[in-house]
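Below is one structure; the comments refer to it alone.
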Amino acid sequence: MHITHISEKLVTVFNKEYAAQYDGLYVEKDYRNECDIIEKIIQLQANIGSNSILDIGCGTGGHAIEFIKRNYEVTGVDLSPYMLEIAKIKSESIGLQHKIRWVCGDIRDFNTGIKYDVCIMMFSVIGYLVSNEDILAGLRNVRKHLKLGGLIIFDFWSGPAVITSPATDRVKEIKRKDSTIIRMGKTSLNIEKQVADVTFKLWEWKNKSLLSTSEEMHSIRYFFTKEIELFLLSTGFKLKKISSFPDVKSPIDVYCWNGLAIGIAV
9 MHITHISEKL
19 VTVFNKEYAA
29 QYDGLYVEKD
39 YRNECDIIEK
49 IIQLQANIGS
59 NSILDIGCGT
69 GGHAIEFIKR
79 NYEVTGVDLS
89 PYMLEIAKIK
99 SESIGLQHKI
109 RWVCGDIRDF
119 NTGIKYDVCI
129 MMFSVIGYLV
139 SNEDILAGLR
149 NVRKHLKLGG
159 LIIFDFWSGP
169 AVITSPATDR
179 VKEIKRKDST
189 IIRMGKTSLN
199 IEKQVADVTF
209 KLWEWKNKSL
219 LSTSEEMHSI
229 RYFFTKEIEL
239 FLLSTGFKLK
249 KISSFPDVKS
259 PIDVYCWNGL
269 AIGIAV
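Residue numbers (our numbering): 9 to 274.
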């Protein structure tokens, strides 16, 4: 399956170096469990027969490929061509390339020409829309791609926890057969803009020799429940539920950074 290029906007994060190390950096992420949670929501909340999923910010295909394995029709959209190329290679390696469509595009203006039953935006994708205007544009475009009664499901950074339990500087080391990757993450909060600026620095070493180094800053907006309800209401959705994530049985609190929102297209 080829990658359809819709948007030519400048990619400032998830560039080639970071994309190449992405799956190694998040090897502990349990995509299967997250898809179990999403699938249960679809079964409980969606229209009977919901089978098509639009995965926005699909990255290297962790969720999209898992849903293809479960016989859903999936389109994966991402702004980074480097992430999509890895997703394409992964789907080809297990013989699923003919069952999925990869689209390189911007959430605010891509157009697949298809209406879906469900849209998912996982791993804080909505947080990369830092301004009110971008959030509204993105959600309106999602609504355009959903059938009446379709679901939007997304996780987000929860404002109460981000403010009361701010992130500390973190270092992650990944040892491979012939190299070592070190990532340092440093977070600073811009309270006025409601944004967490996360600077990632990557070093790749082999036999005590530095092979490469790179740096990216990810500006990620954090949200409060009432503004999510208002954003959804303003773009053609009705809020169904907000909870913690991945413990969707628990409400949002000041200890959990990750929340999950479910909306229905009206």
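Heads up, the beta-carbon is just placed ideally off N, CA and C, and yes, glycines get one too.
In this text, all values refer to a predicted model and were calculated from it rather than measured experimentally.
Exercise for review: Return yes when the Cβ of V85 is within less than 8 Å of the Cβ of G113, no when it is not.
Suggested key: Here residue 113 refers to the residue found at position 105 of the sequence shown. Here residue 85 refers to the residue found at position 77 of the sequence shown. Their beta carbons are under 8 Å apart, which means G113 touches V85 by this criterion.
Review point. From W265 to I46, what distance separates their C-alpha atoms?
Key: Counted from its first residue, the sequence shown places residue 265 at position 257. Counted from its first residue, the sequence shown places residue 46 at position 38. Spanning the two alpha carbons is a distance of roughly 19 Å.
Point to revise | DSSP-derived helix/strand/coil call for M91 | key: Stepping through the sequence shown from its first residue, residue 91 is reached at position 83. Three-state result, M91: helix.
Practice item. In angstroms with no decimal places, state the Cα-to-Cα distance between I250 and L268. Key: Position 242 of the sequence shown, counted from the start, is the residue given in the question as residue 250. Position 260 of the sequence shown, counted from the start, is the residue given in the question as residue 268. In a straight line, the C-alpha of I250 is about 6 Å away from that of L268.
Review point. Can I272 and K257 be called in contact, C-beta distance under 8 Å?
Key: One-based indexing of the sequence shown puts residue 272 at position 264. One-based indexing of the sequence shown puts residue 257 at position 249. Contact annotation: I272 and K257 have beta-carbon atoms that are not nearer than 8 Å.
Exercise for review: State the start and end residues of the unbroken alpha helix (DSSP H) segment that holds Y30.
Suggested key: Sequence index remark: in the sequence shown, residue 30 carries index 22 (1-based). Counting along the chain, Y30 sits inside the alpha helix (DSSP H) bounded by residues 24-33.
Review point. Are G146 and L159 closer than 8 Å when you measure CB to CB?
Key: Translated into positions along the sequence shown, residue 146 becomes position 138. Translated into positions along the sequence shown, residue 159 becomes position 151. The criterion of a C-beta distance shorter than 8 Å is not satisfied by G146 and L159.
**Study point:** Beta-carbon spacing of S173, Y230 below 8 Å
**Key:** Stepping through the sequence shown from its first residue, residue 173 is reached at position 165. Stepping through the sequence shown from its first residue, residue 230 is reached at position 222. No. Outside cutoff.
Review point. Pairing CB atoms from the segment 88-98 with CB atoms from the segment 169-185, are three or more of them under 8 Å?
Key: Too few Cβ pairs lie closer than 8 Å, so no.
Check your understanding: Near I270, which residues of its chain fall below 7 Å by C-beta distance, leaving aside the five closest residues on each side in sequence?
Key -> Working through the sequence shown from its first residue, we reach residue 270 at position 262. Contacts found: I49, Q53, L159, I161, K248, K249.
Point to revise | Residues of its chain near E25, where Cβ-Cβ distance is below 7 Å and the 5 sequence neighbours each way are ignored | key: The count along the sequence shown starts at 1 and reaches residue 25 at position 17. Non-local C-beta neighbours of E25 in its own chain, meaning closer than 7 Å and more than five positions away in sequence, comprise L210, S220, S222, ordered along the chain.
Point to revise | Helix, strand or coil at V206 according to DSSP, with G and I counted as helix | key: Within the sequence shown, numbered from 1, the residue matching residue 206 stands at position 198. Of the three classes helix, strand and coil, the one that applies to V206 here is strand, per DSSP.
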